[in-house]
Amino acid sequence: MNLEKYILATITTNRNKVGSGLGVFYCDTKEEMETVTANLEAILDGIAHLLSEDLYVIVKH
Amino acid sequence: MTEYTLPIVFGLLTGTISRLFMLRTDYRQYPTYLHGKIIHVALGFIAAGLGAVFGPAILEEEFTAITFLTVAASQFREVRNMERNTLSELDNYELVTRGRTYIEGIAIAFESRNYLVIFTALVSTMAYLLFNIWIGIIVAIASMYISHLLMSGGKLKDIVDIEYVEPRFEGAGLYVDNIYIMNIGLPARQKEVLRYGMGFILKPKNFNARSTIANLGQRQAILHDVATALGVYRDSGTPALVPLAKRDLDDGRVGVFVLPQDRDIDKALKVIGDVPTLENAIRMSTEKVGMKNES
């Protein structure tokens, strides 16, 4: 099976929102979260999607 | 020099001229370069030769000459393969891809143009042989005109109404009118998208058009043509800045979101209206079920 879309990284300020995993980044503030997301988006060539106020995922399409 | 030499040369000339006439480099930018053109003119010349010798062969009662045409058919199918392969290879490096349906449409056009060349050469040689050169010229011009009519397909503006709509965000969701396009998370990206993005709503004029614009290949062709004509605000490694066309499942309208470099609404409306309706995307649902063709 070919996976067409997959989550490359998860960025959050809320430790309760995601479990553990290699691609999970915890941030202290919203600003930090946005900077980290912008960098990861550029690095990973994925799209940053906002799932809720404090949770971003980067998805390869 | 036999009695057939001049008519055959005449047929060769008219056929090649009609190929040149149909070989236009337009906004689709294909074929752009000299070598690509030479290939097509040369193949057109071969096609013209096949068409031109057909008439004399029949007059000499050499009926086996018809087998030549089968050789021609397989030869020009090869042309289609060649075009398809070249364009598919190039498509990987386009910022906004053409899509396979569009490529197949172009490839079919290249094949069929060669048959039209055979037709032009055939009828003009025959007219020269049976009447005289003047009738031959008239027939050649008429068949070139017919070829031209056969080559120009439908345009998108014939089947849809196009309307400009400013794209907007609801939370992280990007919308064109009420059609959801995609989720863009970063505020900085959202600003870029609002600054450069343009939205269009394509409203199908009838039921058949609804299925035609639902075709993914047709939608990709729209995005590609807009990107070609108006430029695109995008680079490799910025997948968030991707032009997209999504469908309203309720009424079949299509929301087109594009990021052109040149944000001119009138130009964009014209470009979208002039997008060809792809042969392979056209659906005629009403022909089958005998229902009324209303939207």
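Just so you know, the protein sequences line up as chains S and Y, in that order.
Each number in the numbering used here corresponds to the 1-based position in the first sequence with 15 added.
Each number in the numbering used here corresponds to the 1-based position in the second sequence with 33 added.
Positions of the beta carbon are idealized from the N, C-alpha and C atoms, including for glycine.
Among the CB atoms of chain Y, one or more fall inside 8 angstroms of the CB of S/I62.
According to the DSSP assignment, Y/E225 belongs to the alpha helix (DSSP H) that extends over 220 to 229. The beta-carbon separation of Y/T119 and Y/Q253, rounded to 18 angstroms, does not stay under the 8 angstroms limit for a contact. In the three-state reduction of the DSSP assignment, Y/G77 falls in the helix class, which pools H, G and I.
The distance from the Cβ of Y/S157 to that of Y/T47 is about 4 angstroms, consistent with a contact at the 8 angstroms cut-off.
The CB of Y/L219 comes closer than 9 angstroms to the CB of E49, T52, A53, E56, A63, L65, Y71 in chain S, given here in chain order.
For Y/N125, there are no neighbours in chain S by C-beta distance under 7 angstroms, as the nearest C-beta there is about 15 angstroms away. Between the alpha carbons of S/V74 and Y/L123 lies a gap of roughly 26 angstroms.
The C-alpha of Y/N313 lies about 27 angstroms from the C-alpha of S/N17. The way I'd put it, the stretch 282 to 289 of chain Y does touch the stretch 231 to 250 of chain Y; three or more beta-carbon pairs between them come closer than 8 angstroms. Counting the other Cβ atoms within 10 Å of the Cβ of Y/D258 gives 16 or more, which makes it buried. Closer than 7 angstroms at the C-beta level to chain S, one finds these residues of the stretch 268 to 279 of chain Y: G270, P272, A273. Identification of chain S residues near Y/N216 by a Cβ-Cβ cut-off of 7 angstroms yields H64, L65, ordered along the chain. Of all residues in the stretch 191 to 208 of chain Y, only G204, A205 come within less than 8 angstroms of chain S when Cβ atoms are compared, listed by chain position.
Secondary structure at Y/P293: coil, using DSSP grouped into helix, strand and coil. With 16 or more other CB atoms across the displayed protein chains lying within 10 angstroms of its CB, S/Y71 is buried. In the DSSP assignment, S/L70 forms a beta bridge with S/T27, S/S67.
Judged by their CB atoms, Y/V193 and Y/L235 are nearer to each other than the 8 angstroms cut-off. Counting the other CB atoms within 10 Å of its CB gives Y/Y213 a total below 16, which places it among the exposed residues. Minimum Cα-Cα distance from Y/E199 among the listed residues Y/R228, Y/R267, Y/I79, Y/I246 corresponds to Y/R228.
Listed in chain order, the non-local C-beta contacts of S/R30 below 7 angstroms within the same chain comprise Y41, local neighbours out to five positions each way being set aside. Contact between Y/D297 and Y/G264 is absent: CB atoms are separated by about 11 angstroms, not below the 8 angstroms threshold.
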